[in-house]
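Heads up: the structure comes next, in structure tokens.
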Amino acid sequence: MQHETPTLIHNILSILFNVHLIIRIDFSKADWCVDPKNLPEDYEEQLKKEEEDDKDVPEDDAVSNGGQTTIAAATCRSGGLQLFPFVGEDSAQRMLLRQEVIDSIPANLCNITDDPERTRKNVILVVGDGMGWEMTRSGAITKQVLDELKSLGCDTKTGCPDNQDAIDAFKGRSLDDYYTEGFGSGLSFQELENSVLVTTTPPVLQVEEPGKHYAPGRTLLEGLAGEHYDRQAPLALNECGFPIEFNPNDVRDGGSMAFWDDVKGGEFPWDANYYTETPDLSSGFDPAFIMEHATDSAATASAFATGLKMARGQLSQNLYEREVETILEEAIKCGMAGGVVTSVPMFHATPAAFIIHTNSRSNRDQLRTSWKTVNPTLVIGVCGGKYYPYEEDLQSMMNGTLSKQWTFLHQNNDTMAENFYNDIGDLDPDNDDHLMVCLGGDYTVSGEANMPYRGVDSTYSNRHCSSGEGILDPDTGLTIGINITTDEEVCNHYEQDEIEHIPTITQNVAAALEVLSKDDDGFFLMYEQGDIDWAAHSDHLDDMLGTMLDIDDSVRYIMDWIDDNGGYEKNALYVTADHDHYLTLNDHFPEALAKMLIAGESHKITPLNNTATNAMKEAIKAECHLDESKTTTDCLKEFTTWSDEDIEMVAHFWGPRGAGGNGWGSHSARPVPLHYQGDDGCIEAMIGTGYQVVGKQVQGAEGKIDQVHIHACMFKQMFGL
């Protein structure tokens, strides 16, 4: 056989890929090995050797590429070249079977009447977007501070500067008076019976992002997924001109996954090295580790929804950009109801992962059409930024073809929030009734794309509307700093006359439960508090603490509803985050917060000097990450605006210690908590176990689970496996 050009071979392989053939070429024998009879006698030994070779690819094999790093291709081998990657796709049932959580896979997922041992549960997944361990702790402490102040007669909305009992009570109050390790208490979901840490491990394919800021938005198809529609790209090739092979090892060892490392990042989020001026680097701890290869809400929510790993930005597809059914879809196919509720746009990453399929969360055309194929029972969220159905579809829900199924409600000046859901009493999923609710966004004067921020004082007013702009070098055009443009006057996120017409997130969750629970076969509900993440991206703790109060209220409602509707024998509840943010509380945080609440100035927990800019993104734009003389912390400090006095006053900071108070604005790779009940031991059985990505076994994390395991356990409860 003649050696073909890479282009010709690539075209041949692309055709073969579409019929899912798996082939190998052995250049030393120069023949096609399709028939197993033609395989050499030592073929199995060759495969084992190749797998061992994969594990030994040194970090030095990574190739620099203009600030990006090309992942070393472990498939260019002299003894035999794997031309075709193994195409495999895992499922919740097979994962549960491998871990011996179930004894067998039922022949019919939907039919449980023939098996008396199969009992379905309603499954409720609550996602606090960006709600890592420190975000949870900040909310838990805040809730307890507020409750204690109220018990002392302090009005936490207006302050109580003359209340000496309140002033004295919080003198010297520190983190030690609450909790400094473990899963803590103070919020509703911290009362659930079980807790565990969850890894958010992403695939890292083709090339690393500049500065390793996020995991790349690249699948096993060529280029950035956002630059083409689903599957409209050839297979990504290695330097030999052949399709890249997914390597189940860590990216730092030449693999395709960014694993969590307990040594470099700490076994727990509360590792002491994050809370000291002089971390013990001799132990292997690296304060920059959690700043590398963070994932996003699309990939993580898709892991919850499908049990598969996605590239950053993908929504419920496999790594070859083929659609994968979500747990919500499978529930509907089995006669159950399924819906999503969010405090941000309804087609934003987290809710979209359950009701939409696309290779890019930014492809708004696909977002605005794909949902109709899934046809969820219920969707409640903000309608702004084109992250919601086309206007013609909304009109059709009111007086067209879609009106046969769908009821469409939207915010309007004629309906007060407390009356918004008065007319949903007759809706029943068993009658094929569906509900779409649009709030905020394009239905408000303010145009804000998330539900109203209530703030730590719950007044929905008096906040710092943080803003900033880059300072450009006139010669190079590169950003060299950030200019603060925040107005000294406080502002409102929404005006009060608008807020009166917007149901709270808890009211939206209550409406969802009212509708979905009417389905006689059960339901799946995903509720997201998405603006935890939005506030954290802006380094805005006042906004973020308000969202933590929102999720606390809403989960309390859910827990009460469960108690009144069969308990955890008939319901399973999982409360977790899709990813972490890099927040650190200083020891005097409780005292600092209480002082501001007592003074009636709680908005100052976010400094006036805040700019709501992403310091890491600005540092990368300035090409600081290419300067080998600077650490990541050094680069971040050039784009922060908080003073040391600011940090002392607000008793917290974003990003690594020493980078300035607002030295981040991004996700982190740190594991996040899961609080759950009604799981019947499934999550416990998954601790420390691995999972499969395109047919290859990926290692688990000791003492932790991964997000794909949550999917499997929700699936088990929902379908009575």
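The sequence shown runs 1 to 721 under UniProt numbering. We treat Cβ as the ideally placed atom computed from N, Cα and C, and that holds for glycine. Because the structure is a prediction, the values reported are computed rather than measured.
Proximity of residue i and residue j at Cβ, strictly below 8 angstroms
{"i": "V575", "j": "F189", "result": "yes"}
{"i": "V698", "j": "M416", "result": "no"}
{"i": "H493", "j": "N614", "result": "no"}
{"i": "A511", "j": "I424", "result": "yes"}
{"i": "N609", "j": "I484", "result": "yes"}
{"i": "D519", "j": "P429", "result": "yes"}
{"i": "I471", "j": "G211", "result": "no"}
{"i": "R295", "j": "P216", "result": "Correcting the residue identity first, residue 295 is Thr in this sequence and not Arg. Their beta carbons are not under 8 angstroms apart, which means T295 does not touch P216 by this criterion."}
{"i": "I480", "j": "A622", "result": "yes"}
{"i": "Q707", "j": "V198", "result": "yes"}
{"i": "V445", "j": "E500", "result": "no"}
{"i": "A659", "j": "T633", "result": "yes"}
{"i": "N359", "j": "E321", "result": "yes"}
{"i": "M336", "j": "V379", "result": "no"}
{"i": "A298", "j": "G385", "result": "no"}
{"i": "I290", "j": "G265", "result": "yes"}
{"i": "R118", "j": "G720", "result": "yes"}
N-terminal and C-terminal residue of the alpha helix (DSSP H) that residue i is part of
{"i": "S138", "result": "W133 to S151"}
{"i": "S396", "result": "E391 to N399"}
{"i": "L96", "result": "A92 to R98"}
{"i": "K264", "result": "D262 to G265"}
{"i": "residue 722", "result": "The question about residue 722 has no answer, for the chain in this structure spans 1 to 721."}
{"i": "I499", "result": "Q496 to I499"}
Residue i versus the options, residue with shortest Cα-Cα distance
{"i": "I141", "options": "L224, P106, M131 and D177", "result": "D177"}
{"i": "A169", "options": "A592, S104 and D542", "result": "A592"}
{"i": "N194", "options": "H675, V251 and V207", "result": "H675"}
{"i": "S666", "options": "Y691, H540, D564 and M548", "result": "H540"}
{"i": "M544", "options": "G567, M451 and S282", "result": "M451"}
{"i": "G655", "options": "T689, M397 and K637", "result": "K637"}
{"i": "S174", "options": "K143, D563 and L585", "result": "L585"}
{"i": "M718", "options": "N111, D90 and R98", "result": "N111"}
{"i": "I327", "options": "R312, S302, L146 and A311", "result": "S302"}
{"i": "Q99", "options": "M714, G690 and M548", "result": "G690"}
{"i": "V344", "options": "N431, D533 and M616", "result": "D533"}
{"i": "E277", "options": "S517, R657 and G720", "result": "R657"}
{"i": "M508", "options": "T459, G447 and E418", "result": "Before going on, a small fix: residue 508 reads as Asn here, not Met. Closest by alpha carbon: E418."}
{"i": "V672", "options": "G566, W270 and L378", "result": "W270"}
{"i": "T219", "options": "L549, T306, V694 and A92", "result": "V694"}
{"i": "Q529", "options": "D487, D578 and N247", "result": "D578"}
{"i": "F524", "options": "D280, V324, L96 and R120", "result": "R120"}
Where residue i falls, given that 16 or more other Cβ within 10 Å makes a residue buried
{"i": "I598", "result": "buried"}
{"i": "V207", "result": "buried"}
{"i": "N412", "result": "exposed"}
{"i": "S370", "result": "buried"}
{"i": "G455", "result": "buried"}
{"i": "A107", "result": "exposed"}
{"i": "Y185", "result": "Strictly speaking, residue 185 in this sequence is Ser, with Tyr absent from that position. Exposed."}
{"i": "K404", "result": "exposed"}
{"i": "D35", "result": "With a pLDDT of only 42 at D35, under the threshold of 50, the placement of this residue in the model should not be trusted; the figure read from the coordinates follows. Classification of D35: exposed, given that the 10 Å Cβ count is below 16."}
{"i": "A272", "result": "exposed"}
{"i": "N571", "result": "buried"}
{"i": "L319", "result": "buried"}
{"i": "I105", "result": "exposed"}
{"i": "G80", "result": "Caution is warranted here: a pLDDT of 39 is assigned to G80, below 50, making its placement in the model unreliable, and the coordinate value is therefore given only provisionally. Answer is buried; the Cβ neighbour count reaches 16."}
{"i": "C682", "result": "buried"}
{"i": "K696", "result": "buried"}
{"i": "V145", "result": "buried"}
{"i": "D433", "result": "buried"}
Residue range of the unbroken beta strand (DSSP E) whose run includes residue i
{"i": "H410", "result": "W406 to H410"}
{"i": "L525", "result": "F523 to Q529"}
{"i": "V698", "result": "K696 to V698"}
{"i": "N508", "result": "No beta strand (DSSP E) holds N508; the alpha helix (DSSP H) holding it covers I505 to L516."}
{"i": "I124", "result": "N122 to G128"}
{"i": "V708", "result": "Note, V708: premise wrong, no beta strand (DSSP E); alpha helix (DSSP H) at Q707 to F719."}
{"i": "I380", "result": "L378 to V382"}
{"i": "Q692", "result": "Y691 to V693"}
Test: residue i CB closer than 8 angstroms to a CB of chain B
{"i": "D296", "result": "Looking for chain B here will not work: only one protein chain is present."}
key: alpha helix (DSSP H) runs wholly inside the stretch 550-620, at least 4 long, in chain order   = As far as the stretch 550-620 is concerned, its whole alpha helix (DSSP H) runs of at least 4 residues are 567-570 and 589-599.
request  = Enumerate, from N- to C-terminal direction, the unbroken alpha helix (DSSP H) stretches of 4 or more residues contained entirely within the stretch 292-369.
outcome  = Counting whole runs of 4 or more residues, the stretch 292-369 contains the alpha helix (DSSP H) stretches 297-306, 327-333 and 349-355.
ask   = At what residue ranges does the stretch 436-486 contain a whole run of the alpha helix (DSSP H), taking only runs of 4 or more?
value = Within the stretch 436-486, no complete alpha helix (DSSP H) run reaches 4 residues.
request  = Entirely within the stretch 617-689 and at least 4 residues each: give me those alpha helix (DSSP H) ranges in chain order.
outcome  = Within the stretch 617-689, the complete alpha helix (DSSP H) runs of at least 4 residues are 632-637, 644-650 and 682-686.
key: 4-residue-minimum alpha helix (DSSP H) runs that sit fully inside the stretch 160-230, ordered along the chain   = DSSP runs (the alpha helix (DSSP H)) wholly in the stretch 160-230: 164-169.
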